[in-house]
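A.B. asks: Starting off with a structure, shown below.
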Amino acid sequence: MTSVLQNVAIDCANAYELALFWSKVTGRPLHPDDKPGDLETEVLLAEGPVLYFNEVPEPKTTKNRLHLCLRPDSTRDEEVERLLGLGATFVGDHRNPDGSGWAVLADPEGNEFCVLRSAAERS
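Position 109 (the sequence shown) corresponds to 111 in our numbering; numbering is contiguous.
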């Protein structure tokens, strides 16, 4: 017996607004039934689990123990700039002079995530 990963749940203060941010990040739609004010929303990814946003009363207080890592179609640095324009904030720079490494950003509610090198940059 095994289990299938159904979704990645993200606690938040505003499920709809945070799901909109991640919809823009991934270029994937919200669930068609989701609307402003919903306590639970989903971003429907092309493959794998959905991103599930669940409103909770308590604020985020510490570093994430689990985070998302993104591999862009464009370059890592171009994607970092795009995401900052969408409302992300820059948290940490782990890019190396040889081009390896990653950048750590946070979504509008402070959830950290990484931007990795693109497949082309890794070649």
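All C-beta atoms, glycine included, are put in the ideal place defined by N, C-alpha and C.
1. Considering only their Cβ atoms, is the gap separating Val27 from Leu2 smaller than 8 angstroms?
2. What's the call for Cys14, buried or exposed, on a 16-neighbour Cβ count within 10 Å?
3. Nearest to Ala121 by CA position, among Asn66, Gly112, Pro74 and Val58, is which residue?
4. So Ala17 and Leu41 are in contact, right, with Cβ under 8 angstroms, and what is the actual spacing, rounded?
5. On the criterion of 16 or more Cβ atoms from any shown chain inside 10 Å, does Thr43 qualify as buried, or is it exposed?
6. Measure from the alpha carbon of Leu85 to the alpha carbon of each residue in Ala108, His96, Pro38 and Gly112, then state which is nearest.
7. Between Pro31 and the rest of its own chain, which residues show a CB-CB distance below 7 angstroms, the 5 nearest in sequence each way excluded?
8. Across which residues does DSSP place Leu70 in a beta bridge pair?
C.D. replies: Based on what the coordinates show:
1. Residue coverage of the chain in this structure runs from 3 to 125, which leaves residue 2 outside it and unanswerable.
2. Label assigned to Cys14: buried.
3. Ranking the options by Cα distance to Ala121, first place goes to Pro74.
4. Right, the Cβ-Cβ distance comes to about 6 angstroms (below 8 angstroms), so this counts as a contact.
5. In summary, Thr43 is buried, with 16 or more beta-carbon neighbours lying within 10 Å of its beta-carbon over all protein chains present.
6. Nearest Cα to Leu85 within the set Ala108, His96, Pro38 and Gly112: Ala108.
7. Contacts found: Ser25 and Leu46.
8. Looking at the DSSP assignment, Leu70 forms a beta bridge with Phe115.
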